[in-house]
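Chemist: In this text, residue positions in the sequence shown follow our numbering: the first is 6, and each later residue adds one. Quick reminder that beta carbons are idealized off the backbone N, C-alpha and C, glycines included. Provided herewith is a single structure, encoded as structure tokens, for subsequent inquiry.
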Amino acid sequence: MNDFEYLEPATVAEACAMLKRYGGEARPYAGGAYLSIVMKQGLIRPKALVNIKKIQELKGIRFDPSEGFVIGALATHRELETSQLIREKLPILCAVEREVANIRVRNVGTVGGNLASGEPLTDLSQIFIALDGRAKIAGPNGSRIIPVEELARIQAEQTGQQQGTPVQYVPYPVGLPAAPAPVAPPPAQPAATPAKP
Ligand SMILES: Cc1cc2nc3c(=O)[nH]c(=O)nc-3n(C[C@H](O)[C@H](O)[C@H](O)COP(=O)(O)OP(=O)(O)OC[C@H]3O[C@@H](n4cnc5c(N)ncnc54)[C@H](O)[C@@H]3O)c2cc1C
């Protein structure tokens, strides 16, 4: 593993400024589930790690009737899997989370890290895209909300064109629409005609 600077911003704005200062040679660091492996293997050699784990505004899972789910980038897979709120309102997400990796990865791996790892279509990217999820992403010039589908495309392009170039923004929070529309029950079938003897 290469030597690197270690930075601990307290806010998203600070994190963005730190990432900008390194001009593409720094990486956000969340749970480290993915980053620690690729750094040990020498596949990524950042000059700085920007540890975002202490940023309060990236934490938590909440539901707002008008906004829908707001899932902080630092929410772990395990938090989603065991969240009473998610279980009640979006059980499919709990079901997907139960299948992600193993309990050790789920305990530390975060939503932001899953969406930003550059891996094509992770489990969470797929489920959020299917649910029309949006992600709030922040950069040095402010933040914007984009569909998770667009985030996945940006990730794929960055990974393909500029291998090793870090993500320059901090997606937070991931806002899902309110519970998906209930599926209409199938139309009643006409009573079966008794078979003729
Ligand atoms: C053994 C193993 C098995 C796995 N199995 C699955 C699986 O079955 N399904 C699946 O979907 N995924 C799987 N993964 C991927 C895993 O879910 C993600 O790697 C994990 O969520 C990463 O989160 P993290 O917080 O540890 O990210 P980190 O390792 O800290 O970072 C990962 C990447 O994302 C960037 N990053 C992290 N947070 C942010 C942020 N908020 N904003 C911008 N960039 C950020 C980092 O700079 C880095 O490039 C697996 C990973 C491992 C190691």
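1) Is it true that the CB of Leu-95 sits closer than 7 Å to the CB of Gly-77?
2) Should Asn-279 be counted as a contact of ligand 1 given a C-beta to heavy atom distance under 6 Å?
3) Leaving out five residues before and five after Val-153 in sequence, what residues of the same chain have Cβ atoms less than 8 Å from its Cβ?
4) To the nearest angstrom, report how far apart Arg-67 and Asn-146 are at their CA atoms.
5) Hey, out of Leu-48, Leu-90, Gly-37 and Glu-10, whose CA is closest to Pro-70's CA?
6) Would you kindly report the start and end of the unbroken beta strand (DSSP E) that includes Phe-74?
7) Suppose contacts are defined by Cβ-Cβ distances below 7 Å. Is Ala-35 in contact with Ile-57 by that definition?
8) Can you grab the Cα-Cα spacing for the pair Ile-42 / Ala-100, in whole Å?
9) For Leu-40, which residues of its own chain have a beta-carbon under 8 Å away from its beta-carbon, when the five flanking residues on both sides are left out?
Modeler: From the atom records:
1) no
2) Residue 279 lies beyond the range of the chain shown here (6 to 202); nothing can be said about it.
3) Leu-120, Ser-130, Phe-133, Ile-134, Gly-138, Arg-139, Ala-140 and Val-179
4) 26 Å
5) Leu-90
6) 73-76
7) Taking a C-beta distance under 7 Å as the contact criterion, Ala-35 and Ile-57 qualify as a contact pair.
8) 26 Å
9) Arg-32, Tyr-34, Ile-49, Leu-54 and Gly-118
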